[in-house]
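Each remark here refers to the structure printed beneath this line.
In the working numbering, the protein residues as written are 67 to 114.
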């Protein structure tokens, strides 16, 4: 289930990226490693 969630998040980021100025990610069930993985794999720049 987690792998599918990551895949969906990456697809959504790719689909809307040209139309938004940024993203807000949260860690599911305090699993920060998953949020960091999505950031890494999406190529998003961290500015916080």
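Glycine included, every Cβ here is placed at the ideal spot set by N, Cα and C.
Using a Cβ-Cβ cutoff of less than 7 Å, which residues in the same chain neighbour residue 102 once the five nearest sequence positions on both sides are dropped?
Same-chain partners within the cutoff: there are none.
My guess is that residue 100 and residue 82 are in contact by the Cβ rule of under 8 Å, so how many angstroms apart are they, rounded?
Incorrect: roughly 20 Å between the Cβ atoms, too far for contact.
Does the distance from the CB of residue 67 to the CB of residue 104 come in under 8 Å?
Not closer than 8 Å, so no.
CA nearest to the CA of residue 111, picked from 69, 97, 90, 95:
Nearest in C-alpha terms to residue 111, of all of 69, 97, 90, 95, is 90.
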